[in-house]
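The structure appears right after this line, and notes come after that.
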Amino acid sequence: MRAKSTKHRTLASLSRALPGVLTLAAGIVVWQVVSLFFLPVFLPGPAILVERMVAIYSNPASYLVVGETLLQIFEGFVVSMVIGTALGLVMGLKRSIELFFDSWIMVLLTFPAVCWAFLSVLWFGLSQIAAIVTIVLIVFPFVAMNIWAGTKAIEKNLIEMGRVYKADRSLMLRKVLIPQLMPYIFSSLRIALSLSWKIALVAEAFGTGGGVGQRLTNWFQETRVDMMLAWGVSFMIVMVLIDLLVFRAWARRTFAWRPQLAT
Amino acid sequence: MSAQYAHNVQRIDMAPAVADKAMRQGVMASSAITIDNLTKRFPAPGSGDEFVVLKDISLTVDDGKFVSIVGPSGCGKSTLLNVIAGIESYDGGAVAIHPKAGSAGSGPRIGYVFQSPRLLNWLTVENNINFVLEAHKVPRSRWRDLVAKNLAMVGLAGQERNYPLNLSGGMQQRVAIARALAIEPDILLMDEPFSHLDAITARKMRFDLMEILERAKPTILFVTHDLSEAVFLSDHIYMMSTKPAQIFKHVAIDIPRPRKPEDARVFDLEKELVREFFSVVEAKG
Numbered sequence: 016m017r018a019k020s021t022k023h024r025t026l027a028s029l030s031r032a033l034p035g036v037l038t039l040a041a042g043i044v045v046w047q048v049v050s051l052f053f054l055p056v057f058l059p060g061p062a063i064l065v066e067r068m069v070a071i072y073s074n075p076a077s078y079l080v081v082g083e084t085l086l087q088i089f090e091g092f093v094v095s096m097v098i099g100t101a102l103g104l105v106m107g108l109k110r111s112i113e114l115f116f117d118s119w120i121m122v123l124l125t126f127p128a129v130c131w132a133f134l135s136v137l138w139f140g141l142s143q144i145a146a147i148v149t150i151v152l153i154v155f156p157f158v159a160m161n162i163w164a165g166t167k168a169i170e171k172n173l174i175e176m177g178r179v180y181k182a183d184r185s186l187m188l189r190k191v192l193i194p195q196l197m198p199y200i201f202s203s204l205r206i207a208l209s210l211s212w213k214i215a216l217v218a219e220a221f222g223t224g225g226g227v228g229q230r231l232t233n234w235f236q237e238t239r240v241d242m243m244l245a246w247g248v249s250f251m252i253v254m255v256l257i258d259l260l261v262f263r264a265w266a267r268r269t270f271a272w273r274p275q276l277a278t
Numbered sequence: 002m003s004a005q006y007a008h009n010v011q012r013i014d015m016a017p018a019v020a021d022k023a024m025r026q027g028v029m030a031s032s033a034i035t036i037d038n039l040t041k042r043f044p045a046p047g048s049g050d051e052f053v054v055l056k057d058i059s060l061t062v063d064d065g066k067f068v069s070i071v072g073p074s075g076c077g078k079s080t081l082l083n084v085i086a087g088i089e090s091y092d093g094g095a096v097a098i099h100p101k102a103g104s105a106g107s108g109p110r111i112g113y114v115f116q117s118p119r120l121l122n123w124l125t126v127e128n129n130i131n132f133v134l135e136a137h138k139v140p141r142s143r144w145r146d147l148v149a150k151n152l153a154m155v156g157l158a159g160q161e162r163n164y165p166l167n168l169s170g171g172m173q174q175r176v177a178i179a180r181a182l183a184i185e186p187d188i189l190l191m192d193e194p195f196s197h198l199d200a201i202t203a204r205k206m207r208f209d210l211m212e213i214l215e216r217a218k219p220t221i222l223f224v225t226h227d228l229s230e231a232v233f234l235s236d237h238i239y240m241m242s243t244k245p246a247q248i249f250k251h252v253a254i255d256i257p258r259p260r261k262p263e264d265a266r267v268f269d270l271e272k273e274l275v276r277e278f279f280s281v282v283e284a285k286g
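Chains as they are written, first to last, in our numbering: chain E, 16 to 278; chain G, 2 to 286.
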């Protein structure tokens, strides 16, 4: 019975993926045709791009470059998630804290990202810290706002149930509140990751550290679009894989109790 | 011996108790709950006024008895249960819950079965029950037995690992009952627990609840708007009118158990109470 349902699910997900795959394939064909009219250093076709990527990743040093950037993203991402989740949670649960931080979140959200990047460089110098601070300052307000919105959707009935049965604060948080926030936490994770990596590359391009961003700047100075795209696209693939293999799989496990949504 | 636990020590409004003398004597014997002249007001929306939700409610629930409160929808029955459960404050009178002699821990253990199951859908059936055991600081070593025993009691043996959303509405409500029984409550509060179920399931659940009573002997305060349900299940019925909620009649039912809903005595009592109920409730508008 289980084998059958797995097979069904695989078929279903294949047929769902089909339109996406078709447009992607069509896009690649158009891209290849258009690229024939330009020099590869100005607009490389997909075939040449793959060639360049192979060239990049046959050099072991490239993995260090990617690793350096990933580490920065990871640090900024984790710090943003922790601060943002904690703040969003207390804002949702404590009216006084909500009133206090309400306008601050808006200020942070509307402050231009590029200003944070400049300010961080001025305050922390051309260092990794500057990149991480930039990520945190831009990302954590998004996370806080998302989690805060999530607390508004918490079922009062279940909190009442917990109170009747005298659940203490920690039990309430672990078993009643956080599970109801999980959809919001997952959407925050994905927003935070995608913002973090984009900001990290920009910060590196500013010259705060080595990493993929700096490679992009170097190739930009030599006007090599092909190499810039090869770095950019390959890095994008890494991030998409992290999203698919880590977050989606984790979400599937977390929401196993909700069969209709586990896709 | 059994320390009296009061949610609230304020004792104002000490008008003569409405409860009759027989019930008073019952208090002396072994009561699980005594409520004296309980009054509760809510602020009226829009104005600075308050309106009285519960007025001079006095009642007693003796150990091991099944007591029902019957009243029209919106008369404040749920508010009364919430006051007893300690999640809602009150403005006058006294509520006292007496923990069973020899029961461990601090304060009374209150089981509560709501209209909807209110299960934590992300936890397995077993972990839903473990949740209240953990909340009441029941030693972890006893969890497995308590879960198995109470699931078997409600006819859900073997469902430990299942998730609530895989169960039917009736089965979810059974889990909620098992959860309430697992803490071995001093008092089990039930707020129209079968009103969300279809008639056939509800009927079956009532029979099964009777059977559970035989075995677990819990003390139950049951709230309903369904008089036939109340007559079928209860040892005592308190009838409540609305605006403000006031108890206007107390009936002791001595029809022997096990009862059948088709039993002539159940029918006759129901008819009589329905007549009286509507004459009072309709007169009040």
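Ideal Cβ placement from N, Cα and C applies to all residues, glycine included.
- Message: So G/MET154 and G/ILE213 are supposed to be a Cβ contact under 8 Å. How far apart are they, rounded?
- Response: At roughly 6 Å, the Cβ-Cβ gap stays under 8 Å, so G/MET154 and G/ILE213 are in contact.
- When E/THR84, E/ASN172, E/ALA182 and E/VAL94 are compared against E/LEU231, the one with the closest alpha-carbon: By alpha-carbon distance to E/LEU231, the top candidate from E/THR84, E/ASN172, E/ALA182 and E/VAL94 is E/THR84.
- Cβ shell of E/LEU104 (< 7 Å), same chain only, five flanking positions each side left out: ILE162 and THR166
- Between the stretch 62-76 of chain E and the stretch 120-131 of chain E, do three or more beta carbon pairs fall short of 8 Å? No contact exists between the stretch 62-76 of chain E and the stretch 120-131 of chain E.
- Message: Among the candidates E/LYS181, E/ALA207, E/LEU186 and E/GLY226, whose CA atom is the shortest distance from the CA of E/PHE262?
- Response: E/ALA207
- Query: Would you say E/PRO34 reaches chain G, if we count a Cβ-Cβ gap shorter than 8 Å as a contact?
  - Reply: Taking Cβ atoms only, chain G never reaches closer than 8 Å to E/PRO34, which makes this a no.
- Beta-carbon proximity list for G/VAL281, same chain, < 6 Å, skipping 5 on both sides: SER242 and PHE249
- Item | Alpha-carbon to alpha-carbon, E/PHE155 and G/GLU230 | 55 Å
- Looking at the unbroken beta strand (DSSP E) that takes in G/ASN167, where does it start and where does it end? Premise fails: G/ASN167 is in no beta strand (DSSP E) and is neither H nor E.
- Task: Have a look at E/LEU79 and E/LEU188 and give me their C-alpha separation to the nearest angstrom.
- Result: 40 Å
- Message: Using a 10 Å radius around the Cβ and a threshold of 16 neighbouring Cβ atoms, would you call E/HIS23 buried or exposed?
- Response: exposed
- Message: Pairs of beta-carbons, one from the stretch 41-49 of chain G and one from the stretch 193-200 of chain G, closer than 8 Å: are there three or more?
- Response: No, because fewer than three Cβ pairs between the stretch 41-49 of chain G and the stretch 193-200 of chain G fall closer than 8 Å, the two stretches do not touch.
- Item | Selection from E/SER203, E/PHE201 and E/SER211 that minimises the alpha carbon distance to E/LEU152 | E/SER211
- So which residues of chain G does E/ALA264 contact, with C-beta pairs closer than 9 Å? Correct list: empty, because the minimum Cβ distance to chain G is about 17 Å.
- Min CB distance G/LYS22 to chain E below 8 Å: Residue confidence for G/LYS22 is low, a pLDDT of 41 falling below 50, so the modelled location carries little weight and cannot support an answer.
- Query: Is DSSP giving G/GLY93 helix, strand or coil here?
  - Reply: strand
- Message: Here's a check: name, in chain order, each residue in its chain whose Cβ is nearer than 7 Å to the Cβ of E/GLY226, leaving out the five neighbours to either side.
- Response: VAL80, GLU83, THR84, GLN87 and GLU219
- Task: Out of G/THR225, G/ARG119, G/GLY93 and G/GLU51, state which residue places its alpha-carbon closest to the alpha-carbon of E/LEU173.
- Result: G/ARG119
- What residues in its chain sit with their C-beta under 6 Å from that of G/SER79, if we drop five residues either side in the sequence? Excluding residues up to 5 positions away in sequence, ASP192 lie with their Cβ nearer than 6 Å to the Cβ of G/SER79 in the same chain.
- Helix, strand or coil at G/GLU51 according to DSSP, with G and I counted as helix: Strand.
- Query: Do E/PRO55 and E/ILE43 have their C-beta atoms within less than 8 Å of each other?
  - Reply: One thing to note: E/PRO55 has its Cβ no nearer than 8 Å to the Cβ of E/ILE43.
- Query: Do three or more CB pairs link the stretch 195-204 of chain E to the stretch 254-271 of chain E at distances below 8 Å?
  - Reply: yes
- Task: Establish whether the CB of E/ARG267 and some CB of chain G are separated by less than 8 Å.
- Result: no
- Message: Let me check understanding here. Comparing Cα to Cα, which of G/MET206, G/LEU234, G/ARG260 and G/ILE36 lies closest to G/VAL252?
- Response: With respect to the C-alpha of G/VAL252, the residue from G/MET206, G/LEU234, G/ARG260 and G/ILE36 having the closest C-alpha is G/LEU234.
- Message: Just list the residues that DSSP pairs G/LYS41 with in beta bridges.
- Response: Listed as beta-bridge partners of G/LYS41 by DSSP are G/LEU55.
- Message: So with CB distances below 8 Å, who are the chain G contacts of E/ASN172?
- Response: PHE115, SER117 and ARG119
- Proximity to G/VAL114 [Cα-Cα], best of G/GLY75, G/PRO245 and G/ALA181: G/ALA181
- Item | Endpoints, beta strand (DSSP E) assigned at E/PHE115 | Careful: E/PHE115 lies outside any beta strand (DSSP E), inside the alpha helix (DSSP H) at 110-125.
- Task: Identify the continuous beta strand (DSSP E) that holds G/TYR239 and give its terminal residues.
- Result: 237-242 is the extent of the beta strand (DSSP E) around G/TYR239.
- Taking the alpha carbon of G/PRO219 as the point to measure from, which residue in G/LYS205, G/ALA183, G/LYS244 and G/GLN247 has its own alpha carbon closest? G/ALA183
- Query: E/THR149 and E/ALA168 look like a contact to me (Cβ under 8 Å); what is the Cβ gap, rounded to whole Å?
  - Reply: Actually they are not in contact, since the Cβ atoms of E/THR149 and E/ALA168 sit about 31 Å apart, beyond 8 Å.
- Query: Rounded to the nearest angstrom, how far is the Cβ of G/ASN129 from that of G/PRO165, given a contact under 8 Å?
  - Reply: 7 Å
- Within 8 Å (strictly less), CB to CB, does E/ARG273 reach chain G? yes
- Sequence ranges, alpha helix (DSSP H) only - wholly within the stretch 169-243 of chain G, length at least 4: 170-183, 200-217 and 228-234
- Task: With 8 Å as the threshold, decide whether the Cβ of G/HIS99 is near any Cβ in chain E.
- Result: no
- Query: What number of angstroms, rounded off, separates the C-alpha of G/GLU185 from the C-alpha of G/GLY112?
  - Reply: 8 Å
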